[in-house]
Amino acid sequence: MVAVEERDMQAVGAWGHNARLDVERIRADFPALEQQVYGRPLVYLDNAATAQKPRSVIEAVCGHYRRDAANVHRAVHALSSRATLAYEEARDRVCRFLNAPARETIVFTRGATEGINLVAYGWGRHHLREGDEILLTEMEHHSNLVPWQLLAQATGAQLRFLRVRRDGTLNLDELDTLLTERTKLVAFTHVSNVLGTINPAATIIDAAHRVGAITLLDAAQSVPHMPVDVQALDVDLLVFSGHKLGGPTSSGALYGKREILESMEPFLAGGDMISSVWLDHAAWNEVPWKFEAGTPAIAEQIGLGAAVEYLTSVGMEAIHAHEQRLTAYALAQLQAIPAVEIYGEAPARAGVISFLVAGIHPHDLAQLLDQEGIAVRAGNHCAQPLHRVLDQVATCRASFYLYNTEAEVDALVAGIRRAQRFFGVE
Ligand code: 7TS
Numbered sequence: 005m006v007a008v009e010e011r012d013m014q015a016v017g018a019w020g021h022n023a024r025l026d027v028e029r030i031r032a033d034f035p036a037l038e039q040q041v042y043g044r045p046l047v048y049l050d051n052a053a054t055a056q057k058p059r060s061v062i063e064a065v066c067g068h069y070r071r072d073a074a075n076v077h078r079a080v081h082a083l084s085s086r087a088t089l090a091y092e093e094a095r096d097r098v099c100r101f102l103n104a105p106a107r108e109t110i111v112f113t114r115g116a117t118e119g120i121n122l123v124a125y126g127w128g129r130h131h132l133r134e135g136d137e138i139l140l141t142e143m144e145h146h147s148n149l150v151p152w153q154l155l156a157q158a159t160g161a162q163l164r165f166l167r168v169r170r171d172g173t174l175n176l177d178e179l180d181t182l183l184t185e186r187t188k189l190v191a192f193t194h195v196s197n198v199l200g201t202i203n204p205a206a207t208i209i210d211a212a213h214r215v216g217a218i219t220l221l222d223a224a225q226s227v228p229h230m231p232v233d234v235q236a237l238d239v240d241l242l243v244f245s246g247h248k249l250g251g252p253t254s255s256g257a258l259y260g261k262r263e264i265l266e267s268m269e270p271f272l273a274g275g276d277m278i279s280s281v282w283l284d285h286a287a288w289n290e291v292p293w294k295f296e297a298g299t300p301a302i303a304e305q306i307g308l309g310a311a312v313e314y315l316t317s318v319g320m321e322a323i324h325a326h327e328q329r330l331t332a333y334a335l336a337q338l339q340a341i342p343a344v345e346i347y348g349e350a351p352a353r354a355g356v357i358s359f360l361v362a363g364i365h366p367h368d369l370a371q372l373l374d375q376e377g378i379a380v381r382a383g384n385h386c387a388q389p390l391h392r393v394l395d396q397v398a399t400c401r402a403s404f405y406l407y408n409t410e411a412e413v414d415a416l417v418a419g420i421r422r423a424q425r426f427f428g429v430e
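Counting from 5, one number per residue, gives the positions in the sequence shown under this note's numbering.
In structure tokens:
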């Protein structure tokens with residue numbers, strides 16, 4: 005049996021951080037939160053889909069377009085130099101944010117999805133063959149499932165799955181039998197975007213390393229919400245999306261251990277990813293630029309740099325602690341409604357709550373809540389296989405961020421009670 009490591013237990017205890025966030029001050033940094041929707045103050049509880057943007061991010065993006073709009077790594081003129089400096093400074097900021105060992109280990113991508121596809125193509129197609137195995141879990145977002153299905157079809161590798169238990173945790177007891185010398189890659193989500201489960205990443209990574217497999221952590225739902233240290237985790241590859249942490253859409257990064265990135269082939273080919281080109285062949289640029297073909301998302305990655313600076317200035321431990329408190333409060337309030345069923349009750353749990361209200365279709369509930377200015381998501385949250393395990397086609401989901409308040413949880417609960425009255429299912 006695999007015992008959960010001490011390093012993973014930290015996630016349960018919120019790093020012992022007691023400082024309270026000044027949420028009103030934080031809210032003032034997010035212009036979108038000032039608006040009314042249908043004449044009601046916006047209650048934005050769809051943060052697992054995307055987060056609102058602080059003013060510093062909006063200004064970083066606008067500032068680039070106002071002053072420095074030029075291509076990077078190409079021209080000698082002042083605008084291009086400034087754009088290149090800002091773009092590469094964003095890489096340094098992401099590097100510090102993840103405690104990565106070197107800036108070259110940070111590859112800019114358009115988000116988690118692109119990062120996973122980059123690895124599936126650049127690593128998988130050149131390192132896997134028939135008989136090899138990839139271990140995933142039943143709780144993956146489609147982004148961390150379908151690219152591996154395509155890779156399996158292309159290489160003859162087999163997919164294996166860690167199952168999800170009723171409480172929303174992974175069945176780690178299966179690790180011993182699922183991990184063999186055939187396992188070449190273990191790719192799993194750090195935090196479930198449906199159940200909120202914080203998976204014991206260090207434990208799984210160490211177990212994978214014991215059979216010689218490399219690991220990819222889908223950190224789309226963890227990096228925005230808690231301290232993530234790639235060196236402490238000893239993870240080989242990690243992806244996240246900038247838009248979920250207050251950065252622009254189409255920003256994000258892949259972290260990779262240098263020797264693994266160097267063993268990978270390019271994903272996209274074109275300008276900037278080469279060192280020299282002849283008519284019939286080419287040689288590649290150094291890592292990470294080898295993976296950044298063409299004009300990149302310059303303004304977006306500069307915005308991402310501003311977003312991680314913003315989060316760092318607030319403090320990731322304090323953000324995590326705030327969300328832990330808010331989630332505990334929300335769970336208690338929702339559990340007090342007998343008709344509410346919550347999916348996922350892992351002890352280590354992030355601020356994502358999927359639920360159903362007896363007698364109300366999740367889409368109807370989401371629509372009624374929207375009429376009151378409350379934004380939640382309904383659907384399968386791009387996790388159809390997990391919803392089959394839950395035996396549901398869809399759920400309703402509320403997800404929190406640093407700017408959410410207990411008053412907003414109260415608004416959600418009042419909205420659910422009103423919906424019950426509306427449908428006559430009290
Ligand atoms: N992995 C996880 C765990 C996610 O939650 C998401 C997006 C992705 C990968 C893909 O991220 P992208 O930025 O590349 O699209 N999750 C969600 C969600 O839960 N609702 O909308 C998007």
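Glycine included, each C-beta is placed from N, C-alpha and C at the ideal position.
Asked, Found
"Heavy atom of the ligand 7TS within 7 Å of T201 beta-carbon", "no"
"Proximity winner among E345, A340, L394, relative to D414 (alpha-carbon distances)", "A340"
"L437 versus F34, L122, R421, residue with shortest Cα-Cα distance", "In this structure the chain extends from 5 to 430, so residue 437 is not present and cannot be described."
"Helix, strand or coil at S254 [DSSP, three-state]", "coil"
"Under 8 Å between C-beta atoms of L335 and T399", "no"
"Reduced DSSP category for E296 - H, G, I as helix; E, B as strand; rest coil", "coil"
"Proximity test, A516 beta-carbon vs the ligand 7TS heavy atom, cut-off 7 Å", "Here the chain covers residues 5 to 430 and nothing more, so residue 516 does not appear."
"Q339: first and last residue of the uninterrupted alpha helix (DSSP H) it sits in", "320 to 339"
"D222, enclosing alpha helix (DSSP H) - first and last residue", "Run containing D222: none in the alpha helix (DSSP H); it sits in the beta strand (DSSP E), 218 to 222."
"P228 versus M268 - alpha carbon distance", "27 Å"
"G246 CB to nearest heavy atom of the ligand MN below 7 Å", "In the structure on display, the ligand MN does not appear, and the ligands it does have are the ligand 7TS."
"Beta-carbon proximity check, V41 vs L416, cutoff 8 Å", "no"
"For P292 and V61, believed in contact at Cβ under 8 Å, the rounded distance", "With 8 Å as the limit, V61 and P292 do not qualify as a contact, their Cβ atoms being about 22 Å apart."
"Where the alpha helix (DSSP H) containing W152 begins and where it ends", "150 to 159"
"Closest by C-alpha distance to W288, when choosing among V168, M277, Q39, A301", "M277"
"Bridge-paired residues (DSSP) for E144", "E144 pairs with nothing; no bridge assigned."
"Best match in A206, F404, E290, L308 for proximity to G251 [C-alpha to C-alpha]", "L308"
"S245: CB within 7 Å of a non-hydrogen atom of the ligand 7TS", "yes"
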